[in-house]
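Here is the structure we will look at, set down as structure tokens.
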Amino acid sequence: MAGAVVNIRDITETRSLEEQLAQSQKLESIGRLAGGVAHDLNNLLTPILAYGEMLFEDYSLDDPRKHKANQIVQAGFRARDLVRQLLAFSRKQALEYKSINVNKVVSNFEKLLRRTIRENIEIDIKLAANIQTIKADVGQIEQVIMNLAVNAADAMPEGGNLSIETSLTELDKDYANAHQGVQPGQYDNCYGLE
Numbered sequence: 072m073a074g075a076v077v078n079i080r081d082i083t084e085t086r087s088l089e090e091q092l093a094q095s096q097k098l099e100s101i102g103r104l105a106g107g108v109a110h111d112l113n114n115l116l117t118p119i120l121a122y123g124e125m126l127f128e129d130y131s132l133d134d135p136r137k138h139k140a141n142q143i144v145q146a147g148f149r150a151r152d153l154v155r156q157l158l159a160f161s162r163k164q165a166l167e168y169k170s171i172n173v174n175k176v177v178s179n180f181e182k183l184l185r186r187t188i189r190e191n192i193e194i195d196i197k198l199a200a201n202i203q204t205i206k207a208d209v210g211q212i213e214q215v216i217m218n219l220a221v222n223a224a225d226a227m228p229e230g231g232n233l234s235i236e237t238s239l240t241e242l243d244k245d246y247a248n249a250h251q252g253v254q255p256g257q258y259d260n261c262y263g264l265e
């Protein structure tokens, strides 16, 4: 009598892990690219800002060119902020924990987010009026938002709606007991990626 050997193997978990690894590698590659671009942009911005400030100082107050020189300098500062965001995204910037307003972080990051996410995805941002300051690293908050947004966009190949909402939430004792290191109380929250 010949015996039969049956080998049943669930590959669902393996496929899920492979997809997570591929997504992680994709985000890491994007981060390296962003870091390289940010470095190059920073090198270009240094002389633009320096010469722009020199021009601004050279013109008298009533010279109409002074306003144009000021526009160059202000655009340079905005570009420098964008470079900072790219460096934070690429994780090549040291962590700096300070008191921040989550609404301001989301608002300042919105333009880069809109340029990153495909046009067939509508981005809806709702900021709570009663938000409190938190102690965090702006770059890390931006990184979390970008990662969640990219993952959400990947889950909507045909397009869709991406909602980002801030709010104040209360974590009770039961929640805190189930999550190590969490204290009960009020917390600012950024959620709603669909």
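Position one of the sequence shown corresponds to residue 72 (our numbering), numbered consecutively onward. The C-beta atom is built at its ideal place from N, Cα and C for all residues, glycine as well.
CB-CB length for residue i against residue j, believed under 8 Å
i: M277; j: L184; result: Past the edges of the chain, shown from 72 to 265, lies residue 277, and the structure says nothing about it.
i: Y168; j: A207; result: 6 Å
i: I192; j: M227; result: 6 Å
Residue from the options with nearest C-alpha to residue i
i: M125; options: S234, N141, N113, G210; result: N141
i: Q200; options: D225, Q214, V173; result: The question names Gln, yet the displayed sequence has Ala at residue 200. Comparing Cα positions, the closest option is V173.
i: K197; options: E229, L233, E89; result: L233
i: D225; options: D195, K206, A93; result: A93
i: G102; options: G231, V215, G252; result: V215
i: N179; options: I194, Y168, S170, Q156; result: Q156
i: E181; options: I212, T117, G256; result: I212
i: I171; options: K139, H138, V209; result: V209
Residue i and residue j closer than 8 Å at C-beta
i: T240; j: V177; result: no
i: L116; j: V154; result: yes
i: A247; j: Q254; result: yes
i: G107; j: L158; result: no
Where residue i sits in the DSSP three-state scheme
i: Q214; result: helix
i: E265; result: Note that E265 scores 34 on pLDDT, short of 50, meaning its location in the model is unreliable; the coordinates nonetheless yield the value given after this. Reduced to three states, the DSSP call for E265 is coil.
i: H250; result: coil
i: I205; result: strand
i: E193; result: strand
i: L132; result: coil
i: G107; result: helix
i: G102; result: helix
i: L153; result: helix
i: E229; result: coil
i: E167; result: coil
i: I235; result: strand
Any non-hydrogen atom of the ligand GTP closer than 7 Å to residue i Cβ
i: H250; result: You won't find the ligand GTP in this model; it holds no ligand whatsoever.
Is there contact here, the stretch 187-201 with the stretch 136-150, by at least three beta-carbon pairs under 8 Å? no
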